[in-house]
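J.: FYI, numbering that gives the first Met the number 0 numbers position 17 of the sequence shown as 16, with every residue one higher than the one before it. Using N, Cα and C, we set each Cβ at its ideal position, and we do this for glycine too. Following this message is one structure expressed as structure tokens.
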Amino acid sequence: MANQFREKQVPLMLFVSYSDNSFKQHHPRASHGGNNMDSKLNSLEKEIDKMKNDLHEVKTNIAVIKSNYSTKEALAASANKIILWFVGSVILTQLLPVVARVVDVWVK
Numbered sequence: 000m001a002n003q004f005r006e007k008q009v010p011l012m013l014f015v016s017y018s019d020n021s022f023k024q025h026h027p028r029a030s031h032g033g034n035n036m037d038s039k040l041n042s043l044e045k046e047i048d049k050m051k052n053d054l055h056e057v058k059t060n061i062a063v064i065k066s067n068y069s070t071k072e073a074l075a076a077s078a079n080k081i082i083l084w085f086v087g088s089v090i091l092t093q094l095l096p097v098v099a100r101v102v103d104v105w106v107k
């Protein structure tokens, strides 16, 4: 069991600091944040602010939609009311001639 836990050999890494000129000589593609890093950072901050505003607008729109949408229960209740009114009007339409006939017979 002791053989399972062997020590791992890790290579020694040395960190050497270079002056600006010597660093660029040894690493020509590397930079120290130049290339208008401040302007890039400012543009990123502006984009983040814009994204935050857009996200706030989306949240507001979702809240409005949630407050105005119908639930399944509300739709079922309105459908039941429509069905009842339709059935009632059909029955009333069928009964009107009978009522007219009864009134005609009763008046004579």
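Starting from THR59, trace the alpha helix (DSSP H) both ways and give me its first and last residue.
T.: Looking up residue 59 in the sequence shown gives position 60. Here the alpha helix (DSSP H) through THR59 covers 36 to 67.
J.: When DSSP labels each residue in this structure, what does LYS80 get in the three-state scheme?
T.: Reading the sequence shown from its first residue, position 81 is the one you call residue 80. Note: LYS80 maps to helix in three-state DSSP.
J.: Output needed for VAL86: all residues of its chain with C-beta closer than 8 Å, excluding positions within five of it in sequence on either side, in chain order.
T.: Working through the sequence shown from its first residue, we reach residue 86 at position 87. Excluding positions up to five away in sequence, the list is empty.
J.: Assign THR70 to one of three DSSP states: helix, strand, or coil.
T.: As a position in the sequence shown, residue 70 is number 71, starting the count at 1. Here THR70 sits in coil by DSSP.
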